[in-house]
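First the structure, in the form of structure tokens, and then the observations on it.
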Amino acid sequence: MDAHLLHWILLLPLGSAAACGLLLRRRGAAAGILSIATAFAVAGLALAVLAGLAPGQTLAWQAEIGRLGGVPIRVGYLLDGHAALMLFVVTFVGAWIHLFSWGYMRDDGARGRFFGGLSLFMFAILGIVLADGLLMTFAFWELVGFCSYLLISHYFDTDFAPPAANKAFIANRVGDLGFILGIAMCLATYGAADFASLKAAAAAKPAPALLGFLLLCGFIGKSAQFPLHVWLTDAMAGPTPVSALIHAATMVAAGVFLMARVDFLLAPEVLQLCLWSGAAMAALAGLCALAQTDIKKSLAYSTLAHLGVMGAALGLGRADLALLHMAMHAFFKATLFLGAGSVIHGCHHGQDMLRMGGLASRMRLTFAAFLAATLSNCALPFLAGWYSKDAILEAAHGSSIGAFALLALAAVATCLYSARMIRLVFLGEARSEEARAAHESPWTMTLPLVVLGLGYSIIAGTYLGLPAAAVHVLPKPMAFHLGAASAVGLAALLLGLGALRFYGRSSGDALRDAAPGAYRALERRWMDDAYGWWIDRVQQPAIEVLAFLDLALVNGLAGKVLAGGIPALLGAASRRLFHAGSVRANAAWFTAGAALIAALLLGAL
Amino acid sequence: MESTTLAHHLLLAALVFCAGLTGVLVRRNLLVTYMCLELMLAATMLALVAFSRFNGTMDGAVLVFFVITVAAAEVAVGLALIVALFRRTGAVGSDRLDSLADR
Amino acid sequence: MTHALAALDAFKSAAPQAGDWASILPEILVAGLGVFALLQALTLPASGRWLIPAVARVGLLLAGFLAYQAGESEGARFGGLLQQDASTHLWRQLFLLCALLTSLVGGRFFRQRGADEAEFHHILLLVTASLMMLAQSSHVVTFFVALETATVGLYVLCGFLRRSAASLEAGVRYLVAGGLSSALLLMGFVLLHGVAGMHLPKGADPLQFASIAAALLGHGGEPLALVGAALVLAGLGFKLGAFPFHGWVPDVYQGAPTPTTALLATASKSAGVVGLVLVVSGPLAPLAAKLSPVLAVLAGGSLLAGNLAALGSSDTKRALALSGVSHAGFLLAGIAGLVTLRSQEGVFGAADIALPIVLAYLLAYVLGTFATMGALAALPAESDERRPLVALRGLIRRSPSLAAGLTLGIGSLAGIPPSIGFFAKVLILWVLVSAEAWTLLALAVVSVAVSIHYYFSIIREATVRTAPDGEVPPRIPLLDRALPLGLGILTVLLGLGSLIKAALG
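Protein chains in written order, with our numbering: chain A, 145 to 749; chain B, 3 to 105; chain C, 184 to 688.
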């Protein structure tokens, strides 16, 4: 298998992005067609590469692009099993989301910019997938952050999108600081930053815990882990396909993917931290999803919960399970977001679930796909989500009962918010004019729903339709057996059925009516409040003190006295001493100078 | 003639040179200052001729002609400048030059 | 009397050889153009007077091309009156560059102030020709005559604005200082010649630099010779504007018309450098071990005196003048390093590179000075000798291109990377490190740090501070704006070029 196809996979999206951004800014249709065609071409190429890759085979390529001093700068690809799975998910899901965007963004005035951004994002995320070292990963990592900034702020003339884009970017920067320090520490400790050398070196000399923590920072920022998770829910300000592509399927998965690539660098302490913060976030975010009325925000909290599950799997030392869940989650969560997009499109861009209802009869295809993805999300046995989630629960049960309890709570919460969503959006009576006038979306939007929702959300767990090269590294598909995990899963499903009834009781939100205090506690954004408190009460006063000191010491003392006063004094003194300005004084200096030189030469001095 | 040696001539030249230099240092009238400068040049010419005579080379004497020429050019330009300044400001006192300073 | 006649015969034998005239073709061309400028002024009608500067500039370019063509040709000319080597041609090109830039800066400046452009070019060209002669002289006669011709021309250029008391005063101050220094210089040479004449075999020319060196090799310790050397150094110190011979510098730079100031700062200072280099590597070469501490004292004094005095100066031209004193210190430091290296090694090594480094420093200084002075000359001012720093306030609004040229020029003078000035300073520091002149090195570094203060106060006035509104800025012609900006950009480009070259090498 030749690596040159990988060049095409990586560079085609870049070309498309350049063409869209530079030439087709005002031709939205052309940009869309180009971008969608590129996405499908890349997906096809990726399938061709993966088909030609034998299980367990690794495809590597490396080139030196320059030297900085004596240090060679290299780029390279490393396509192993994990990367193969990620490559498939990114290109395949990405292509369908591109197609979906065509219908969803039809009335948008800035399609050229939007599709250019999508293509650039594909380029960036594929760079991370293919990179063979931390340095190249970091470069594309930053590009991914930049693209998400561009795409979240697509509606930049609104008052909510730009702050959301800033928030996402800044939160990612905080994480990236740790990441780049981690890379520096890698270089300092092992003298290399490419995965192959690092793996060999780490086998001989285990990585220090600090290195793992630093790399974990990158994961925390990109994958929206606690405490940097705050950006993900706000990022829903972008167009829905962007939410589907970036904030469900691929970008947030990049963090998980990176951790899977460098799992040999993670010390046990790091894994413990990862496990507990992941499990706790899974439970809490799942509960928070119950208190959201915006359909996309509710899904965002669901994403946070699943990222927590993936983090927990990483913490258990099961990177393979984390990646498996990443893939399954990508299929059903992309479907959920696209379904939400279809609903929003049908309801004329209304996102409030309390103003929907009864859409099942008006949008049958969307409902079918959404339902399938929801059941997969709830881990109904033999659907895609079940395979990964049950395996993770099972693994947690075997290792830490506390983490297992948290993950079980997350599973229950998942079923509850899923039932609520189905009930509020699709069942019952329509609760607004828009909902009554809702209509099914065009085929460009429903086809991706059918493929991803009715197809992959159901069958992917049995590894049907996944490339063989990737399947090889994943755990064996589970057979159904009644363990602790399945018991929890079935109980959760039953609770979900109950919730379906519970939410049918009220025309508003049943939980808010029944327990307003609990609802408000879940709705409140504690971490945002904490950040706000820190910035208002701690950081700002401290900065003001510093600003005062700066004004007094630097401006006043150093600026006025040291830089202004002392030089002026010195200048005046030396001017008075060295040239009094009179012709005769000059002549005297001349004479004295000549005498001085003569004395020096004669050795009299 | 033979009783005067090179040292005598050089001493005389040095005296004249120092007289000129003292004049430059103490006199306030620009014209006098300028005359003192010419006196210094004259002292160098005296030394040149003396060296030529006692060392038996003509070269120094040749240089004297160049010095005279240069001094003439310098005087022409210098006097013109001093006169122009006098016409403009009405002063030839070197201490009364006051249009240039750091203000 | 017979021996005197024999010496005269020897002088006759110095009659021009074939090729001697051809070797000074650039000088002949420039001097001829100078005379031609006067003829043009007499014959051309008023409408055709623009031809005068045009012809002069073309001629300067042509002379530069000839000097460039001369390449590496070397040897004694005119029976040892002149001595050419590879660096001669570089010095010539440097002086021609100074003249060309002065002509470009001065053309409109003098026309605006009612001064005669033809006369200005006439003197400028003659001064340039004599400076070029100076760079290749190897004989007291040629050295002295060339130096004095240039100096007398500069007296005139200083007092060129005859209606301005300040200009005349600058001329007179320069005259007194210059007269004194030429008397000292000449007396120095006379003493050296006398010592040489006492010890040389019959027939040798004691005014010849090489003969003086030969005599000093055995008798360098004689007090007469040492006093002579001291007086020569003092005379050249005036040309350089080095401590303690720098008293005239701020006054004359301030009062002289700005184009003349630029010429004084560049060509005249370069003349001091080339004169000093010729003297310390010619007649005074045997005294190298004694000279290097003297040069180091002069260099250190110039660095300190120039930079300290420039601090807090409120007049732009005075500040630049005093900064010029510190640049003289840097150049002297380079020469001191050169002399030290020569006296230590006795063979060519690091000393070989020191001279090109001094030349490179001068080139950087010339470009930076003309960018700055060009911008000043282009700026309208109430009177040319009053250019307070506050008058630059808000320049960035009034004329962005001039502000940019001024800023880049100052940046190069201050030695801010990546300008050429930065590399020039680094190279001089490298020479000092090679010569192990640690005290001088420390002084140089400190003086760079100090100089940032006043250089940046100029930049700050021009770019950061804003002027009161209301004034409508007069239009500044394109050439006057393009020249400083172009030179400023050139300093950066050359600096980047050096950086790339250093990175590749």
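Every residue, glycine too, gets a C-beta built ideally from N, C-alpha and C.
Counting only beta-carbon atoms, is Ser54 (chain B) nearer than 8 Å to chain A?
Residue numbering aside, residue 54 (chain B) sits at position 52 when the second sequence is read from its first letter. Cβ-Cβ to chain A under 8 Å: no for Ser54 (chain B).
With a threshold of 8 Å between beta carbons, is Ala732 (chain A) in contact with chain B?
Within the first sequence, residue 732 (chain A) is the residue found at index 588, counting from 1. At least one CB atom of chain B sits nearer than 8 Å to the CB of Ala732 (chain A).
Could you say if the segment 492–512 of chain A and the segment 576–587 of chain A meet the contact criterion of at least three C-beta pairs nearer than 8 Å?
yes
From the beta carbon of Ser718 (chain A), is the nearest beta carbon of chain B less than 8 Å away?
In the first sequence, residue 718 (chain A) corresponds to position 574, counting from 1. Taking Cβ atoms only, chain B never reaches closer than 8 Å to Ser718 (chain A), which makes this a no.
Taking a contact to mean a Cβ-Cβ separation below 8 Å, would you say Leu243 (chain C) touches Leu279 (chain C) in this structure?
Locating residue 243 (chain C) in the third sequence gives position 60, where the first residue counts as 1. Locating residue 279 (chain C) in the third sequence gives position 96, where the first residue counts as 1. Yes; because the gap between Cβ atoms is below 8 Å, this pair is in contact.
So is Val530 (chain C) buried or exposed if we call it buried at 16+ other beta carbons inside 10 Å?
Walking along the third sequence from the start, residue 530 (chain C) turns up at place 347. In this predicted model, Val530 (chain C) has a pLDDT of only 49, less than 50, meaning its place in the structure is not dependable enough to derive any value.
For Ser5 (chain B), count neighbouring C-beta atoms within 10 Å of its own C-beta (all shown protein chains included) and say buried if the count is 16 or more, exposed if not.
Stepping through the second sequence from its first residue, residue 5 (chain B) is reached at position 3. Looking at its Cβ environment, which holds fewer than 16 other Cβ atoms inside 10 Å, Ser5 (chain B) is exposed.
Name the DSSP beta bridge partners of Asn31 (chain B), please?
As a position in the second sequence, residue 31 (chain B) is number 29, starting the count at 1. DSSP output for Asn31 (chain B) lists B:Gly95 as bridge partner(s).
Considering only residues of the same chain and omitting the five flanking positions on each side of Ser313 (chain C), which have a CB-CB separation below 6 Å?
Within the third sequence, residue 313 (chain C) is the residue found at index 130, counting from 1. Contacts found: Ala329, Thr332, Ala333.
For Gly455 (chain A), which residues from the same chain have a beta carbon less than 6 Å from its beta carbon, with the 5 sequence-adjacent residues on both sides left out?
To locate residue 455 (chain A), count along the first sequence from 1; it is residue 311. So the qualifying residues of the chain are Gln369, Cys418, Gly422.
Who are the neighbours of Glu352 (chain C) on chain B, taking C-beta pairs under 7 Å?
Looking up residue 352 (chain C) in the third sequence gives position 169. In chain order: Leu87, Leu99, Ser101, Leu102.
Tell me the residue span of the alpha helix (DSSP H) that contains Thr325 (chain A).
By one-based count along the first sequence, residue 325 (chain A) stands at place 181. Here the sequence assigns Leu to residue 325 (chain A), which means Thr is not the residue at that position. Its alpha helix (DSSP H) spans residues 305–334.
Can Leu234 (chain C) and Leu245 (chain C) be called in contact, C-beta distance under 8 Å?
Taking the third sequence and counting its residues from 1, one reaches residue 234 (chain C) at position 51. Taking the third sequence and counting its residues from 1, one reaches residue 245 (chain C) at position 62. It is not a contact, given that the beta carbons lie outside the stated cut-off.
Are the beta-carbon atoms of Ala185 (chain A) and Leu156 (chain A) separated by less than 8 Å?
For the purposes of this step, residue 185 (chain A) is taken as residue 41 along the first sequence, with counting starting at 1. For the purposes of this step, residue 156 (chain A) is taken as residue 12 along the first sequence, with counting starting at 1. Yes.
Just the C-alpha distance for Leu331 (chain A) and Ala337 (chain A), rounded to the nearest angstrom, thanks.
Against the first sequence, residue 331 (chain A) aligns to sequence position 187. Against the first sequence, residue 337 (chain A) aligns to sequence position 193. Going from the Cα of Leu331 (chain A) to the Cα of Ala337 (chain A) covers about 6 Å.
Close Cβ partners of Val69 (chain B) (< 8 Å) along its chain, the five nearest in sequence each way excluded:
Translated into the one-based positions of the second sequence, residue 69 (chain B) becomes position 67. Within the same chain, Val69 (chain B) has close Cβ partners Leu43, Thr46, Met47, Leu50.
Taking Cβ to Cβ, would you say Pro621 (chain A) is nearer than 8 Å to Gly642 (chain A)?
Reading the first sequence from its first residue, position 477 is the one you call residue 621 (chain A). Reading the first sequence from its first residue, position 498 is the one you call residue 642 (chain A). Annotated as distal: Pro621 (chain A) and Gly642 (chain A), with beta-carbon spacing of 8 Å or more.
Three-state secondary structure assigned by DSSP to Tyr221 (chain A):
Against the first sequence, residue 221 (chain A) aligns to sequence position 77. Looking at Tyr221 (chain A) - three-state DSSP - the assignment turns out to be strand.
Should Val26 (chain B) be flagged as near chain A, meaning a C-beta pair shorter than 8 Å?
Translated into positions along the second sequence, residue 26 (chain B) becomes position 24. It does: the Cβ of Val26 (chain B) has a partner Cβ on chain A nearer than 8 Å.
Take Arg291 (chain C) as the anchor and find which of C:Leu666, C:Ala205, C:Thr674, C:Thr649 has the nearest alpha-carbon.
Along the third sequence, one-based indexing puts residue 291 (chain C) at 108. Here the closest residue by C-alpha is C:Leu666.
Beta-carbon of Val530 (chain C) versus every beta-carbon of chain B: anything under 8 Å?
Taking the first residue of the third sequence as position 1, residue 530 (chain C) is located at position 347. Confidence at Val530 (chain C) is low in this model, with a pLDDT of 49, below 50, so its placement is unreliable and no value can be given for it.
Can you list, in chain order, the residues of its chain whose CB lies under 7 Å from that of Met316 (chain C), leaving out five sequence neighbours each side?
Walking along the third sequence from the start, residue 316 (chain C) turns up at place 133. Contacts found: Glu210, Thr325, Ala329.
Supposed contact pair Gly326 (chain A) and Leu358 (chain A) - C-beta distance, whole angstroms, cut 8 Å:
On the first sequence, residue 358 (chain A) is found 214 positions in, with the first residue counted as 1. On the first sequence, residue 326 (chain A) is found 182 positions in, with the first residue counted as 1. Their Cβ separation, rounded to whole angstroms, is 3 Å, which keeps Leu358 (chain A) and Gly326 (chain A) in contact under 8 Å.
Could you tell me the distance, in whole angstroms, from the CA atom of Leu149 (chain A) to the CA atom of Leu229 (chain A)?
Reading the first sequence from its first residue, position 5 is the one you call residue 149 (chain A). Reading the first sequence from its first residue, position 85 is the one you call residue 229 (chain A). In a straight line, the C-alpha of Leu149 (chain A) is about 17 Å away from that of Leu229 (chain A).
Against chain E: residues of the segment 227–258 of chain A by CB proximity under 8 Å
Among the protein chains in the structure shown, which are A, B and C, there is no chain E.
Go through its chain and collect everything with a Cβ distance to Val595 (chain A)'s Cβ below 7 Å, but skip five positions before and after it.
The residue labelled residue 595 (chain A) in the question sits at position 451 within the first sequence. For Val595 (chain A), where only same-chain residues beyond five positions count, the Cβ hits under 7 Å are Trp240.
Can you find a CB in chain A that lies within less than 8 Å of the CB of Leu23 (chain B)?
Position 21 of the second sequence, counted from the start, is the residue given in the question as residue 23 (chain B). So yes, Leu23 (chain B) belongs to the interface.
Give the DSSP-derived three-state secondary structure of Arg260 (chain C) in the structure shown.
Indexing the third sequence from 1 puts residue 260 (chain C) at position 77. Strand at Arg260 (chain C).
Please go through the same chain and pick out, in chain order, the residues whose beta-carbon is closer than 6 Å to the beta-carbon of His376 (chain C), but skip the five residues on each side of it.
The residue you call residue 376 (chain C) lines up with position 193 of the third sequence. Here the set comprises Pro389, Leu390.
Closer than 7 Å at the beta carbon, the chain C residues around Gly700 (chain A)
As a working note, residue 700 (chain A) is residue 556 in the first sequence. Going along chain C, no residue has its Cβ under 7 Å from Gly700 (chain A), so there is no contact; the nearest lies around 17 Å.
Leu553 (chain A) vs Ala435 (chain A) beta-carbon contact at 8 Å
As a first step, residue 553 (chain A) is located in the first sequence; it is residue number 409 there, counting from the start. As a first step, residue 435 (chain A) is located in the first sequence; it is residue number 291 there, counting from the start. In this structure, Ala435 (chain A) does not lie closer than 8 Å to Leu553 (chain A) by Cβ.
Cβ of Thr735 (chain A) within 8 Å of any chain B Cβ:
As a position in the first sequence, residue 735 (chain A) is number 591, starting the count at 1. At least one chain B Cβ lies under 8 Å of Thr735 (chain A).
Range of the contiguous beta strand (DSSP E) that encloses Leu265 (chain C)
Within the third sequence, the letter at position 82 stands for residue 265 (chain C). Its beta strand (DSSP E) spans residues 265–267.
Let's see if you can read the secondary structure: which residues bound the alpha helix (DSSP H) around Lys473 (chain C)?
For the purposes of this step, residue 473 (chain C) is taken as the residue at position 290 of the third sequence. It spans 471–493 - the alpha helix (DSSP H) in which Lys473 (chain C) sits, taken as one unbroken run.
Near Ala219 (chain A), what residues of its chain come up, given a Cβ to Cβ distance below 7 Å and the 5 sequence neighbours on each side ignored?
Mapped onto the first sequence, residue 219 (chain A) falls at position 75. Note on identity: in this sequence residue 219 (chain A) is Val, with Ala being the wrong assignment. Excluding positions up to five away in sequence, the list reads Ala207, Ile209, Met280.
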